[in-house]
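Enquirer:
Protein chains: 2
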Amino acid sequence: MLQPLNQVGDAEGCTFDNGTVTTPPGFREAYRTFAEGGWTGLTADPDYGGQGLPLVLGIAIEEMSISANLSFNMYPGLTIGATEAIHAHGTAEQKQTWLPKMISGQWTGTMNLTEPHCGTDLGLLRTRAEPHDDGSYRINGTKIFISAGEHDLTENIIHLVLARIPGGPPGVKGISLFIVPKFLLNDDGTPGERNGVACGAIEEKMGIHGNATCVMNYDDATGYLLGAEHKGLRAMFTMMNAARLGVAMQGLSLAEVAGQNAADYARDRLQGRSLSGPKEPDKPADPIIVHPDVRRMLMEGRAFTEGARAFAYWSALQADLAAKHPDAAVRQSANDLLSLLTPVLKAYFTDRGYAAATQAQQVFGGHGYIREWGMEQFVRDARITQIYEGANGIQGLDLVGRKLPADGGRAIRAFFETVQAFCDENRDDKAMAEFTGPLDEGLGRLQQATMWLMQNAMTTPDNAGAGATDYLYLLALVSLGHVWAQMAKLAQKRLADGDGNAAFYENKLITARYFLQRVMPDSAAHLARVEAGAETLMALDAAAF
Amino acid sequence: MLQPLNQVGDAEGCTFDNGTVTTPPGFREAYRTFAEGGWTGLTADPDYGGQGLPLVLGIAIEEMSISANLSFNMYPGLTIGATEAIHAHGTAEQKQTWLPKMISGQWTGTMNLTEPHCGTDLGLLRTRAEPHDDGSYRINGTKIFISAGEHDLTENIIHLVLARIPGGPPGVKGISLFIVPKFLLNDDGTPGERNGVACGAIEEKMGIHGNATCVMNYDDATGYLLGAEHKGLRAMFTMMNAARLGVAMQGLSLAEVAGQNAADYARDRLQGRSLSGPKEPDKPADPIIVHPDVRRMLMEGRAFTEGARAFAYWSALQADLAAKHPDAAVRQSANDLLSLLTPVLKAYFTDRGYAAATQAQQVFGGHGYIREWGMEQFVRDARITQIYEGANGIQGLDLVGRKLPADGGRAIRAFFETVQAFCDENRDDKAMAEFTGPLDEGLGRLQQATMWLMQNAMTTPDNAGAGATDYLYLLALVSLGHVWAQMAKLAQKRLADGDGNAAFYENKLITARYFLQRVMPDSAAHLARVEAGAETLMALDAAAF
C-alpha cells in the first residue's frame, strides 16, 4: 500500500494552491486505510484509544513503514510526537479533547519550532502569544520547515507551537508551548471555525517531496497553553528522545531498503568475470555479486543495518523500561543509557544511513543515477535525516556538552561497565576472541577519549566542540561493536546447541566479523581527532575561509 | 556568464521532443560566447587551431568553469576527449576534417561506450559496424548514458562510437572505434545530409539536468574507422588518463564552490554563542563560524580542496611532461606516475568531492535542503562523478590489478622513493616534524599494504579486489599528505624569508596541520581493511544478501 506510492510521491510531490496543500495521488486513500487499520495508535495510551504496545514493537513496525515510504510515514510519525507531548504535559481535559482523535488518526499533529532566523538557537524565537480573557492565547508569528503543516489527509491538524508570552524571561527560559488547531473545536469536539493559522507556501526541496514542508503563518490564532508558562522548551525536550530515535530509524530504514534493492541488482546484473574464475560460465558474464568490491559495499550496508537494528531495539527497550518498569532504579538506569545514546542513535544512524543509501546506489552504476530505478530517491530522502530534529553536529554537542557530564558521568560509567563486563566474561573464550579483542580495543580508545575530554574541555571548552562528532562516532562504534559481539556469542551458542537455522547464525557470525574487522578500526582515527583538540580548527581567521 | 545559468539549468533541464533536445534557457548564448572567446581550444594542438597551452593551465581554467556550471562544462569538456582521440588515432585527413571545427567549438564531440546490458564490461558490447564499399561502415545499435549526445548548441555533433566489425575476435579484442557525425559532411566540409543516428530519449536523473543524457540509436549510420580495426579499446584508453583527471576536477570543483558558499553562510548566519564566550555580544547571537564543529566541516573541505588542487596541478604537469618533454626517461617516469595515480585522482577526488559538498550543505542546516539555496544541487551534481568515467570501485581495481603490477611495480616504487626521499631530507628539520612524522607513518602503512597485496593477491585474486578501494584511499592519503608537507615546507621558507603574504603562508601551515593531524590517521583503518582480506566479504552465500 505504501511502497507503491513512494516513487509517485517523489515525482508528483505535494502541490500548493492559495493555502491548500494537496498530497500526491493515492496518499489520501492510503492514509485512510492506515488509520482504519489501527497503525497510528500502536504504542499510544489505551486510555485514549491506543493499543499500549511497547516501543520496541513500535519501532519494528516503523522501520517497515519508513522503508516503504518515508514521506508518507512522516504524517502519522509526527503525530506521535505531538501526541506524546500532550500526553505528558496536558491537563486531563486537554488530553480528553485532543488525544483520542490524534491517536485514531482522525487528526494529525505537528511540531512548530523553527523560524526564519532561528533554528538550532531557539533563544532567538520571536513568535508571540498574548493572553486572552478566556484563558486562551492569541498567537502571532511565522514558522518555517513545518513538516506536514498542511495537507488534505485529515479533517483537522493540531499544531504544537513554541512562542513567547510577553513579559517572560529572554532567551530559552521564556518560551512556552501551545496547542493551536487548524480548526477550532465546536462544543461537541468536532472541528468548527477556521483558526488564524495558514500555510503560506511549501518548500521546493531535495527530497521527501511527498511530505509538505510548510511555512506556517500565525495571525491571531487561538492557542491553548500546554504545560507551564515559560517551560515550553522542557516540554519539547521530554519527547526529544523518542523523536530522535524515530529519525534514527529513518536512517536505518532507508539504508535497509536501498541495500535490499542493491543486493537484488547485484545478483541479477551480469558484468565481468570473477577474479577467481568464471562462476556462471554458461552466461555471458557473472553476476556482479561475485566481485569483492561489490560485496564490500553490500556487506558494509548489512553490517550497519543489522547492527543498528539490534541496537535500536535495545534502545527502544530502554525507553519502555524507563517509562514503565516498576523499579525506580531500573527506570533511572534505562533512562540514563537512553539519554546518553540518543544523540548517537540520531547522528550515527542517519550519517551511516545516507552513506549506505549512496553506496547501494553505487552498486547500480549509471542506472543508480537514473530516476526510474528509485535508488537516487533513497539518497535524496535520506539526506534530510542528518539535518532535521537537531542537525547531526548538534547531536555531538548534546552528547559531550550535556549527556556525558550529566550526573557526574553516571551514564557513561554505566556504559563502560556493561561493555567491560562483557569483554571480561568472555576473555577466556577463544572462539569469542576475534570479536571481544577489537571491542576491547575500541572501548579502551573510547575511555581514553573520554578522559581526554574531561581533562581538556573544562579549561578550553572549544576542545569539547572540536571533538564532539568524532567522540560520538567512537561511542557509536563501541555500541554497535558490543551489540555485534553479543549477537556473535548467541549465534555460537545456537550453533553449538544445533538450535534453529544454522545458516542464519553462520551469517550473523560472518557479519559480526565484518564489523569488528573492517569497521571498528576507524575508532583509532576518531580518537586521534578527539585528541587533536580545537587549536587547528580555530586558528584560521574567519575572513580567511 | 556560466554561474548564473547553473540553477536555471537544474530547474529547467533539457527537454526532449521527437529526437530534438533543447538545452536550458541561456545555454545557447553562453556556449556561443564561450566558443568565440577561444575557451574550447586552450590546450589543443595549434596545427588545428588550438592554443597549445599546457594541461596544467587547462585544468586550472577547467576548475572555474566546472564550479560555475558542471552541466554546461560537460558540452565542451567531452569534446576535448573526442578531439584527443581523433588527434591520437586519426589519419591526417581525418584530423584535418574533424579537428578544426571541434577545437573552435563549432562542433561538439561525444563518447559512446555504454549499452543497456554493458557498462563496465565492454566485452559484452553488441553494436555492429558493417564495412561498406566506400571504406566507411554502417553502424547499428543502441548506446545509453551518452552525455551531450544531442543538443541545440552546435550545427554538428561528432560521435565516437565503439562497435564490433563482424568476424572480429569476441570480447574486448574485437571492438573498433568509429567517427559518426550527426550530419554527414558536404565536399566543402560543411554539414550536409542527416546521418542515421538519432536521440531516442533523454534520461530523468538525480542531477546534471542541464546536460542531456541520451539514448542514441544508430540505424545504418555512416561511420569512419578511427585507428586500427579491433583496436578500439586501446584507442579509448589512450585518452582515459585525461578524461579521468577531468572528472577528478569535477569532484574538486564542486567541493570548492560548495565550500565557498558554506563559508559565506557560516560568517553570516547568527546562531548560538561561542563556547568560549560571546564573540559578537552586540548581536543577538554569534555567527556560526565560531563553533568548532562548523569549522571542522569547513576545514575538512578546505584541507581537501587545497591539497587536491596542488596534487591535480602536479598530475597535469606529469601529463604535460609525458606528452612533450624531450627526454624519453622523463616522459616515461611522468607517464608512470600519472598512470599510477589517475585512478586515485578520479575516485578519491570524486568521493571526497561528494562528501565535501554534502558537508557544505550540512553547514546550512535546514536551508541546505531547500532548492533555492543551491547547495543540494551541488550534492546531486557531484554524485554522478563517482559513477561515470569508470565507477569508483573500478578505479580501485584498475589501480591494484593493472597499475600496481605494471612493469614490475616500477611506478609505485618510484612513488615510494619520492615520498621517502622527502621525509629523509627533512628528518632533522624539527619544524617539519609535525608534517613528516604522520606522512612517514602513512607511507609505512602504504608500503605494508602493498607488500600484503603482493604476498596475498597472487594466490587469492579476490584479496586484491577486497582491498582495492582501501588501498586506493591509502595511496590518496599519502599523495595528499606529501603535497601538504611540501606546501608546509615552502610556507615555512617563505615566512622565514619574510617573502610575500605572511597570512597566506600561515594559513597554509594551519591547513597542512589539519590534514596531517586529522585526515592522515584514517590510513591505519585502510591498512587494517586491506589486511583483512577477502574471506569475510566472500563468505556469505549470494542468496543470503
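Sequences listed follow chains A and B, in order.
At position 343 of the first sequence (counting the first as 1) the number is 343 in the numbering used here, and the numbers step up by one without a gap.
At position 149 of the second sequence (counting the first as 1) the number is 1149 in the numbering used here, and the numbers step up by one without a gap.
Ideal placement from N, C-alpha and C gives every residue a C-beta, glycine not left out.
Name the chain B residues whose beta carbon is nearer than 8 Å to that of Q362 of chain A?
Expert: For this step, residue 362 of chain A is matched to residue 362 along the first sequence. Within chain B, the residues near Q362 of chain A are Q1386, I1387, A1391, N1392, G1393.
Enquirer: What residues in the region 463-477 of chain A have a beta carbon less than 9 Å from any beta carbon of chain B?
Expert: Those would be N463, A464, G465, A466, G467, A468, T469, D470, in chain order.
Enquirer: Do you know whose CA, among A:G223, A:Y505, A:F545, lies nearest M1297 of chain B's CA?
Expert: The residue labelled residue 1297 of chain B in the question sits at position 297 within the second sequence. Residue A:F545 is the option with its Cα nearest to M1297 of chain B.
Enquirer: Which residues in the same chain have their Cβ closer than 7 Å to the Cβ of S333 of chain A, if we skip the five residues on either side of it in sequence?
Expert: Here residue 333 of chain A refers to the residue found at position 333 of the first sequence. Closer than 7 Å at Cβ, skipping near neighbours: A414.
Enquirer: Going by beta carbon distance, what residues of the same chain come within less than 6 Å of D10 of chain A, once the five residues before and after it are set aside?
Expert: One-based indexing of the first sequence puts residue 10 of chain A at position 10. H209, Q377.
Enquirer: With distances taken Cα to Cα, identify the nearest neighbour of P1170 of chain B among B:S1176, B:G1123, B:I1370.
Expert: Reading the second sequence from its first residue, position 170 is the one you call residue 1170 of chain B. Of the listed residues, the one whose Cα sits closest to P1170 of chain B is B:G1123.
Enquirer: Using DSSP's beta-bridge definition, name the partner residues of K1231 of chain B.
Expert: Looking up residue 1231 of chain B in the second sequence gives position 231. Note: K1231 of chain B sits in a beta bridge opposite B:I1175.
Enquirer: Compare the Cα-Cα distances from A1433 of chain B to each of B:G1467, B:R1383, B:A1485, B:A1457 and report the closest residue.
Expert: Indexing the second sequence from 1 puts residue 1433 of chain B at position 433. Nearest option by C-alpha distance: B:A1485.
Enquirer: Residues of the region 291-315 of chain A with a CB closer than 8 Å to any CB of chain B: list them in chain order, please.
Expert: For the region 291-315 of chain A, which is checked against every Cβ of chain B, the residues closer than 8 Å are H291, P292, D293, V294, R295, R296, M297, L298, M299, R302.
Enquirer: Say whether chain A places a C-beta atom closer than 8 Å to the C-beta of R1529 of chain B.
Expert: Residue 1529 of chain B sits at position 529 when you count from the first residue of the second sequence. It does: the Cβ of R1529 of chain B has a partner Cβ on chain A nearer than 8 Å.
Enquirer: Is I157 of chain A helix, strand or coil by DSSP?
Expert: Indexing the first sequence from 1 puts residue 157 of chain A at position 157. In this structure, I157 of chain A counts as strand in the three-state DSSP scheme.
Enquirer: Could you give the residue range of the alpha helix (DSSP H) that holds W1452 of chain B?
Expert: Position 452 of the second sequence, counting from 1, holds the residue named residue 1452 of chain B. Run containing W1452 of chain B: 1433-1456, per the alpha helix (DSSP H) assignment.
Enquirer: What is the DSSP secondary structure of K1283 of chain B, reduced to helix, strand or coil?
Expert: Here residue 1283 of chain B refers to the residue found at position 283 of the second sequence. Coil, per DSSP.
Enquirer: Using a Cβ distance threshold of 8 Å, determine whether the region 1249-1258 of chain B contacts the region 1060-1075 of chain B, with at least three qualifying pairs required.
Expert: As far as the Cβ criterion goes, the region 1249-1258 of chain B touches the region 1060-1075 of chain B, which means the pair count is three or higher.
Enquirer: In the DSSP assignment, the alpha helix (DSSP H) including W373 of chain A goes from what residue to what residue?
Expert: Working through the first sequence from its first residue, we reach residue 373 of chain A at position 373. From DSSP, W373 of chain A is part of no alpha helix (DSSP H); its letter is neither H nor E.
Enquirer: So, with DSSP's three-state summary, where would you put Y1218 of chain B?
Expert: Reading the second sequence from its first residue, position 218 is the one you call residue 1218 of chain B. Of the three classes helix, strand and coil, the one that applies to Y1218 of chain B here is strand, per DSSP.
Enquirer: Check the Cβ-Cβ distances between G481 of chain A and every residue of chain B, and say whether any is below 8 Å.
Expert: Within the first sequence, numbered from 1, the residue matching residue 481 of chain A stands at position 481. So no, G481 of chain A is outside the interface.
Enquirer: T1120 of chain B: which of A:P292, A:D188, A:R273 sits nearest, CA to CA?
Expert: Taking the second sequence and counting its residues from 1, the one referred to as residue 1120 of chain B is at position 120. Taking only the C-alpha atoms, the option nearest T1120 of chain B is A:R273.
Enquirer: Three-state secondary structure (DSSP) at L1338 of chain B?
Expert: The residue labelled residue 1338 of chain B in the question sits at position 338 within the second sequence. Three-state result, L1338 of chain B: helix.
Enquirer: Using beta carbons (cut-off 8 Å, strictly below), is Q1517 of chain B in contact with chain A?
Expert: In the second sequence, counting from the first residue as 1, residue 1517 of chain B sits at position 517. It does; some Cβ of chain A falls within 8 Å.
Enquirer: Extract the residue ranges of the alpha helix (DSSP H) inside the region 371-424 of chain A, only unbroken runs of 4 or more that lie entirely within it.
Expert: Within the region 371-424 of chain A, the complete alpha helix (DSSP H) runs of at least 4 residues are 375-385, 392-397.
Enquirer: Run through chain A and tell me which residues come within less than 8 Å of E1204 of chain B, C-beta to C-beta.
Expert: The residue given as residue 1204 of chain B occupies position 204 in the second sequence. By Cβ distance, chain A contributes I370, R371, E372.
Enquirer: Tell me, please, whether the region 437-447 of chain A touches the region 518-527 of chain A by the rule of three or more beta-carbon pairs shorter than 8 Å.
Expert: The region 437-447 of chain A vs the region 518-527 of chain A: in contact.
Enquirer: With DSSP run on the structure shown, which of helix, strand or coil describes N69 of chain A?
Expert: For the purposes of this step, residue 69 of chain A is taken as the residue at position 69 of the first sequence. Coil, per DSSP.
Enquirer: Any heavy atom of the ligand PLP closer than 7 Å to the CB of T222 of chain A?
Expert: As for the ligand PLP, it is missing from this structure, which has no ligand bound.
Enquirer: Please confirm if N507 of chain A has its CB atom under 8 Å from at least one CB of chain B.
Expert: Locating residue 507 of chain A in the first sequence gives position 507, counting from the first residue. By this cut-off, N507 of chain A is an interface position.
Enquirer: Three-state secondary structure (DSSP) at P181 of chain A?
Expert: As a working mapping, residue 181 of chain A is identified with position 181 in the first sequence. Here P181 of chain A sits in strand by DSSP.
Enquirer: Would you mind reading off the limits of the alpha helix (DSSP H) that contains D1264 of chain B?
Expert: Taking the second sequence and counting its residues from 1, one reaches residue 1264 of chain B at position 264. Segment 1240-1268, the alpha helix (DSSP H) holding D1264 of chain B.
Enquirer: Ignore the nearest five residues each way along the sequence and tell me which others in V8 of chain A's own chain have a CB closer than 7 Å to its CB.
Expert: Residue mapping note: residue 8 of chain A aligns to position 8 of the first sequence, counting from 1. Taken in chain order, the residues that qualify are P24, P25, G26.
Enquirer: So A347 of chain A and G301 of chain A are supposed to be a Cβ contact under 8 Å. How far apart are they, rounded?
Expert: Within the first sequence, residue 347 of chain A is the residue found at index 347, counting from 1. Within the first sequence, residue 301 of chain A is the residue found at index 301, counting from 1. Between G301 of chain A and A347 of chain A the Cβ distance is about 18 Å, and since that is not below 8 Å, they are no contact.
Enquirer: So, is Q362 of chain A buried or exposed, given that buried needs 16 or more other C-beta atoms within 10 angstroms?
Expert: Numbered from 1 along the first sequence, position 362 holds the residue referred to as residue 362 of chain A. Buried.
Enquirer: Starting from the Cα of R371 of chain A, find the closest Cα among B:I1384, B:W1373, B:L1399, B:W1098 and give me that residue.
Expert: Within the first sequence, the letter at position 371 stands for residue 371 of chain A. Checking every option, the nearest Cα to that of R371 of chain A belongs to B:I1384.
Enquirer: For a quick check, are the C-beta atoms of F422 of chain A and Q447 of chain A less than 8 Å apart?
Expert: Start at 1 with the first residue of the first sequence, and residue 422 of chain A comes out as number 422. Start at 1 with the first residue of the first sequence, and residue 447 of chain A comes out as number 447. Contact: no.
Enquirer: Whole angstroms are fine: how far does the CA of T1238 of chain B sit from the CA of P1131 of chain B?
Expert: Within the second sequence, the letter at position 131 stands for residue 1131 of chain B. Within the second sequence, the letter at position 238 stands for residue 1238 of chain B. Spanning the two alpha carbons is a distance of roughly 25 Å.
Enquirer: Given this structure, state the Cα-to-Cα distance separating L475 of chain A from V344 of chain A, to the nearest angstrom.
Expert: Counting from 1 along the first sequence, the entry for residue 475 of chain A is found at position 475. Counting from 1 along the first sequence, the entry for residue 344 of chain A is found at position 344. Their backbone Cα atoms lie some 7 Å apart in a straight line.
Enquirer: Out of curiosity, what's the CA-to-CA distance linking E306 of chain A and N507 of chain A?
Expert: Translated into the one-based positions of the first sequence, residue 306 of chain A becomes position 306. Translated into the one-based positions of the first sequence, residue 507 of chain A becomes position 507. If you take the alpha carbons of E306 of chain A and N507 of chain A, they lie about 11 Å apart.
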